[in-house]
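For the sequence shown, position 127 (counting from the first letter as 1) is numbered 127 according to our numbering, and the numbering increases by one without interruption.
Every residue, glycine too, gets a C-beta built ideally from N, C-alpha and C.
Comments concern the structure below.
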Amino acid sequence: MPLSALTRRSFLAGSATSLLRAAAGPWIPLFDGRSLDGWTPSENQESWKIRDGCLFADGPRSHLFYSGPVAGHRFRNFELEVEALAEARANSGVYFHTEYQEKGWPLKGFEVQVNGSALGEGGYVERKKTGSIYGVRNVYKQMVGDGQWFTLHVAVRGKNIQVRLNGTLVSEYTEPDPPLLADNAAERGRRLSAGTIALQCHDAGSKALFRAVRIRPLPEDAAPPEDAAKPAPTDEIAKAILRLAAANVPMVDYHGHLKSGLTLSQLLAHGRYHGIFYGVAVNCGQGFPVDNDAAARQFAGSMQGQPCFLAMQAEGREWTRMFSAEAAGLFDYIFTDSMTWTDNRGRRMRTWIPAEVGEIADAQEFMETLVQRTVGILENEPIDIYVNPTFLPEQIAARYDELWTDERISQVVRAARRNEVAIEINNRYRLPGRRVLEAAKAEGCKFAFGTNNSGINDLGRCEYGLEMAAALKLGWRDFFVPGERGGRAIDRKPEALKG
Numbered sequence: 001m002p003l004s005a006l007t008r009r010s011f012l013a014g015s016a017t018s019l020l021r022a023a024a025g026p027w028i029p030l031f032d033g034r035s036l037d038g039w040t041p042s043e044n045q046e047s048w049k050i051r052d053g054c055l056f057a058d059g060p061r062s063h064l065f066y067s068g069p070v071a072g073h074r075f076r077n078f079e080l081e082v083e084a085l086a087e088a089r090a091n092s093g094v095y096f097h098t099e100y101q102e103k104g105w106p107l108k109g110f111e112v113q114v115n116g117s118a119l120g121e122g123g124y125v126e127r128k129k130t131g132s133i134y135g136v137r138n139v140y141k142q143m144v145g146d147g148q149w150f151t152l153h154v155a156v157r158g159k160n161i162q163v164r165l166n167g168t169l170v171s172e173y174t175e176p177d178p179p180l181l182a183d184n185a186a187e188r189g190r191r192l193s194a195g196t197i198a199l200q201c202h203d204a205g206s207k208a209l210f211r212a213v214r215i216r217p218l219p220e221d222a223a224p225p226e227d228a229a230k231p232a233p234t235d236e237i238a239k240a241i242l243r244l245a246a247a248n249v250p251m252v253d254y255h256g257h258l259k260s261g262l263t264l265s266q267l268l269a270h271g272r273y274h275g276i277f278y279g280v281a282v283n284c285g286q287g288f289p290v291d292n293d294a295a296a297r298q299f300a301g302s303m304q305g306q307p308c309f310l311a312m313q314a315e316g317r318e319w320t321r322m323f324s325a326e327a328a329g330l331f332d333y334i335f336t337d338s339m340t341w342t343d344n345r346g347r348r349m350r351t352w353i354p355a356e357v358g359e360i361a362d363a364q365e366f367m368e369t370l371v372q373r374t375v376g377i378l379e380n381e382p383i384d385i386y387v388n389p390t391f392l393p394e395q396i397a398a399r400y401d402e403l404w405t406d407e408r409i410s411q412v413v414r415a416a417r418r419n420e421v422a423i424e425i426n427n428r429y430r431l432p433g434r435r436v437l438e439a440a441k442a443e444g445c446k447f448a449f450g451t452n453n454s455g456i457n458d459l460g461r462c463e464y465g466l467e468m469a470a471a472l473k474l475g476w477r478d479f480f481v482p483g484e485r486g487g488r489a490i491d492r493k494p495e496a497l498k499g
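Next up, the structure:
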């Protein structure tokens, strides 16, 4: 799109938003800062207290429903702002279009998640982070620290929901007609209608504070903003994405690139529309623009505050001598492939370039060397994900099933499991093959969706990953999520980098 057209569109969108806000009137506080007047708690009413002018969620599960006079506590179109703080390991949330329910998790309406570092209860580990439209459009990265105040801005206009965290758009959903709903009963009420607002006290170990809750009701016919996402798709791929998102599987494409003119805003919009969170990777290594600590720091700094993961794509085997552990630690995770290596004759090759590979006179020897190099990478390099896995050069790619024998597969997946390296299910190359994935699952490996796009036209929707997740019956426990500081590969193997 020409810059002039983009500028006009932005101007029109801004004008429309300004007019809408002008018509909407002032913000109306729903919490008086002193009492629970206008609010009705559900089960375990003692879990809600007033502390230092804030609503304090502290105790067993309870939900606090707005029951006051504003709009008869029934809101359809509105802007809602909530100033909140989640203590360490706390899970909470803000519901809208809901209704009073004496017990249990609210079945009607949507929840905007509040969760920085909550681990979950029992054997369940909650993956959805603050700003998620829970189970529908999820955020998987912690965007605000524990114990820090933040502002959630939720706007519902017509069929469109937009959630901003400290002013940044982090999730968006435009409901199709008819609505697309996940299979389980708990998700069937996730449809736009009208209703009240509720706050969540999730469990006795989750402490959260709310110091302001204010709303700006909008007209019944309020239209979505000019730049709102189109109605969400409803095809089989969309159903599969929603099914996994609702089942706590991290719908993350960890291998996105800003290439061939693709901008970050376009990538994020694509992700919000389809329900895929992104990891943005930069190529780091010999012959790439990011080839030293200073360049790595510059890129990481330019991405601060963006609603996406930041990945270092470690290129070639030289990268371990080019970057320090401190610089590599600025990224959420590190990945590499086994597509660049030096053979037993001292020849460095990039295996996706046929001319560099040359004639493969002995495919078995080539495979033995490839497996040795791959295992060496998994054992020695501080990587979190093995990407483009089991790639073969053009010269022998047609013999993939023959050349990737059970023994060779076993060597690779055992090394991955031993070193806590996840296996990418790559959309671009449709790799690795199902036999490899089955062996990796049996070994206890984790998996990660990834595309390795060349631009905007091949971003896709993790189709191959969705296909394999269904075929292998992968659940949320089978998937990689970036570790907290201290639990990443670079934290386990800092001595591997000599830069």
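>> List, from N- to C-terminal side, the alpha helix (DSSP H) runs of 4 residues or more that fit wholly inside the stretch 186-225.
In response: List check, alpha helix (DSSP H) in window: nothing returned.
> Taking Cβ to Cβ, would you say W341 is nearer than 8 Å to R317?
Replying inline: Here residue 341 corresponds to residue number 341 of the sequence shown, with the count starting at 1. Here residue 317 corresponds to residue number 317 of the sequence shown, with the count starting at 1. Yes.
> With respect to the alpha helix (DSSP H) encompassing Q411, which residues constitute its N-terminal and C-terminal limits?
Replying inline: Counting from 1 along the sequence shown, the entry for residue 411 is found at position 411. Segment 406-418, the alpha helix (DSSP H) holding Q411.
> Along the chain, where does the beta strand (DSSP E) that runs through R51 open and close?
Replying inline: For the purposes of this step, residue 51 is taken as the residue at position 51 of the sequence shown. Counting along the chain, the beta strand (DSSP E) containing R51 begins and ends at 48-51.
> Do the stretch 259-268 and the stretch 429-441 touch if we need at least three Cβ pairs shorter than 8 Å?
Replying inline: Taking 8 Å as the limit for Cβ pairs, the verdict is that the stretch 429-441 does not touch the stretch 259-268.
> So H63 is in the beta strand (DSSP E); what residue range does that whole segment cover?
Replying inline: Indexing the sequence shown from 1 puts residue 63 at position 63. Counting along the chain, the unbroken beta strand (DSSP E) around H63 starts and ends at 62-66.
> What are the boundary residues of the alpha helix (DSSP H) that P354 is part of?
Replying inline: Within the sequence shown, residue 354 is the residue found at index 354, counting from 1. From DSSP, the alpha helix (DSSP H) with P354 extends over 354-357.
>> Let me make sure I understand the geometry here. Which of G455, L180, P482 has the alpha-carbon closest to that of S260?
In response: For this step, residue 260 is matched to residue 260 along the sequence shown. Looking at G455, L180, P482, the one whose alpha-carbon comes closest to that of S260 is G455.
> Using a Cβ-Cβ cut-off of 7 Å (strictly less than) and excluding sequence neighbours within five positions of C54, which residues of its own chain qualify?
Replying inline: Translated into the one-based positions of the sequence shown, residue 54 becomes position 54. Only L209, F210, R211 meet the Cβ criterion.
> Taking T98 as the reference, which of I237, A84, H73 has the closest Cα?
Replying inline: What you label residue 98 is simply residue 98 of the sequence shown in a count that begins at 1. Checking every option, the nearest Cα to that of T98 belongs to H73.
>> Just to confirm the assignment: which complete beta strand (DSSP E) runs, minimum length 3, are found wholly within the stretch 422-446?
In response: Residue ranges of uninterrupted beta strand (DSSP E) with 3 or more members, entirely inside the stretch 422-446 and ordered along the chain, are 422-426.
>> Please report the straight-line C-alpha distance between M85 and F110, rounded to a whole angstrom.
In response: As a first step, residue 85 must be located in the sequence shown, where it is residue number 85. As a first step, residue 110 must be located in the sequence shown, where it is residue number 110. In the sequence on display, residue 85 carries Leu and not Met. When only Cα atoms are considered, L85 and F110 end up about 20 Å apart.
> Whole-angstrom Cβ separation of W404 and V375, contact assumed at under 8 Å?
Replying inline: Position 404 of the sequence shown, counted from the first residue, corresponds to residue 404. Position 375 of the sequence shown, counted from the first residue, corresponds to residue 375. About 14 Å; that fails the 8 Å criterion.
>> In the DSSP output, which residue or residues are listed as bridge partners for R164?
In response: In the sequence shown, the residue the question calls residue 164 occupies position 164. In DSSP, R164 forms a bridge with H153, L169.
>> Let's see if you can read the secondary structure: which residues bound the beta strand (DSSP E) around H97?
In response: Position 97 of the sequence shown, counting from 1, holds the residue named residue 97. From DSSP, the beta strand (DSSP E) with H97 extends over 91-98.
> Going by the CB atoms, is the gap between D332 and A489 shorter than 8 Å?
Replying inline: For the purposes of this step, residue 489 is identified with residue 489 of the sequence shown, where counting begins at 1. For the purposes of this step, residue 332 is identified with residue 332 of the sequence shown, where counting begins at 1. It is not a contact, given that the beta carbons lie outside the stated cut-off.
>> Do S92 and R137 have their beta-carbon atoms positioned less than 8 Å apart in this structure?
In response: Here residue 137 corresponds to residue number 137 of the sequence shown, with the count starting at 1. Here residue 92 corresponds to residue number 92 of the sequence shown, with the count starting at 1. No, the pair does not count as a contact, with Cβ atoms beyond the cut-off.
>> By the DSSP assignment, the beta strand (DSSP E) with N283 in it spans what residues?
In response: Locating residue 283 in the sequence shown gives position 283, where the first residue counts as 1. Counting along the chain, N283 sits inside the beta strand (DSSP E) bounded by residues 277-284.
> Three-state secondary structure (DSSP) at N380?
Replying inline: What you label residue 380 is simply residue 380 of the sequence shown in a count that begins at 1. Residue state, collapsed to three classes: helix.
> Which whole-angstrom value describes the C-beta separation of Y254 and G279, a residue pair presumed to lie in contact below a C-beta threshold of 8 Å?
Replying inline: Reading the sequence shown from its first residue, position 254 is the one you call residue 254. Reading the sequence shown from its first residue, position 279 is the one you call residue 279. Between G279 and Y254 the Cβ distance is about 4 Å, and since that is below 8 Å, they are a contact.
> Any idea if E402 is buried or exposed, counting beta-carbon neighbours within 10 angstroms, 16 or more meaning buried?
Replying inline: Reading the sequence shown from its first residue, position 402 is the one you call residue 402. By the neighbour-count rule (16 or more Cβ atoms within 10 Å), E402 is not buried but exposed.
>> Between the stretch 120-129 and the stretch 239-252, can you find at least three pairs of beta-carbon atoms closer than 8 Å?
In response: At 8 Å Cβ cutoff, the stretches touch.
> With DSSP run on the structure shown, which of helix, strand or coil describes D451?
Replying inline: Sequence index remark: in the sequence shown, residue 451 carries index 451 (1-based). Reading the sequence as shown, one finds Thr at residue 451 and not Asp. Correct three-state label for T451: coil.
> How big is the Cα-Cα spacing for D406 and P233?
Replying inline: As a working mapping, residue 406 is identified with position 406 in the sequence shown. As a working mapping, residue 233 is identified with position 233 in the sequence shown. Separation of D406 and P233 (C-alpha to C-alpha, rounded to the nearest whole angstrom) is 39 Å.
> Under a three-way DSSP split, which group does M349 fall into?
Replying inline: In the sequence shown, counting from the first residue as 1, residue 349 sits at position 349. For M349, the secondary structure class from DSSP, reduced to helix, strand or coil, is strand.
> Taking Cβ positions, are M312 and V282 nearer each other than 8 Å?
Replying inline: Taking the sequence shown and counting its residues from 1, one reaches residue 312 at position 312. Taking the sequence shown and counting its residues from 1, one reaches residue 282 at position 282. For the pair M312 and V282, the CB atoms are nearer than the 8 Å cut-off.
> Based on the DSSP output, what are the partners of W341 in its beta bridges?
Replying inline: Numbered from 1 along the sequence shown, position 341 holds the residue referred to as residue 341. Paired residue(s): M349.
> On the premise that Y66 lies in contact with W39, defined as a C-beta separation below 8 Å, what is that separation, rounded to the nearest angstrom?
Replying inline: Indexing the sequence shown from 1 puts residue 39 at position 39. Indexing the sequence shown from 1 puts residue 66 at position 66. That belief holds up - the Cβ atoms of W39 and Y66 are roughly 6 Å apart, short of 8 Å.
> Would R157 be called buried (16 or more neighbouring beta carbons within 10 Å of its own) or exposed?
Replying inline: Counted from its first residue, the sequence shown places residue 157 at position 157. Residue environment for R157: buried (at least 16 other C-beta atoms within 10 angstroms of its C-beta).
> Is it buried or exposed for G486, if we count other Cβ within 10 angstroms and need 16 for buried?
Replying inline: By one-based count along the sequence shown, residue 486 stands at place 486. The residue in question, G486, is exposed, as its Cβ has fewer than 16 Cβ neighbours within 10 Å.
>> Along the chain, where does the alpha helix (DSSP H) containing E467 start, and where does it finish?
In response: The count along the sequence shown starts at 1 and reaches residue 467 at position 467. From DSSP, the alpha helix (DSSP H) with E467 extends over 463-471.
> So, are the CB atoms of L80 and V154 less than 8 Å apart?
Replying inline: For the purposes of this step, residue 80 is taken as the residue at position 80 of the sequence shown. For the purposes of this step, residue 154 is taken as the residue at position 154 of the sequence shown. Closer than 8 Å, so yes.
> To the nearest whole angstrom, what separates the beta carbons of F335 and A314, a pair I think is in contact under 8 Å?
Replying inline: On the sequence shown, residue 335 is found 335 positions in, with the first residue counted as 1. On the sequence shown, residue 314 is found 314 positions in, with the first residue counted as 1. Going by Cβ atoms, the distance from F335 to A314 rounds to 7 Å, so yes, they are a contact pair.
> Looking at C-alpha atoms only, which residue of D52, Y134, D58, S35 is the closest neighbour of E46?
Replying inline: Counted from its first residue, the sequence shown places residue 46 at position 46. For the set D52, Y134, D58, S35, the Cα lying nearest the Cα of E46 is the one of D58.
> Is there contact here, the stretch 355-365 with the stretch 382-397, by at least three beta-carbon pairs under 8 Å?
Replying inline: They touch, by the three-pair rule.
> Can you tell me whether DSSP reads E315 as helix, strand or coil?
Replying inline: Sequence index remark: in the sequence shown, residue 315 carries index 315 (1-based). DSSP, read as helix, strand or coil, puts E315 in coil.
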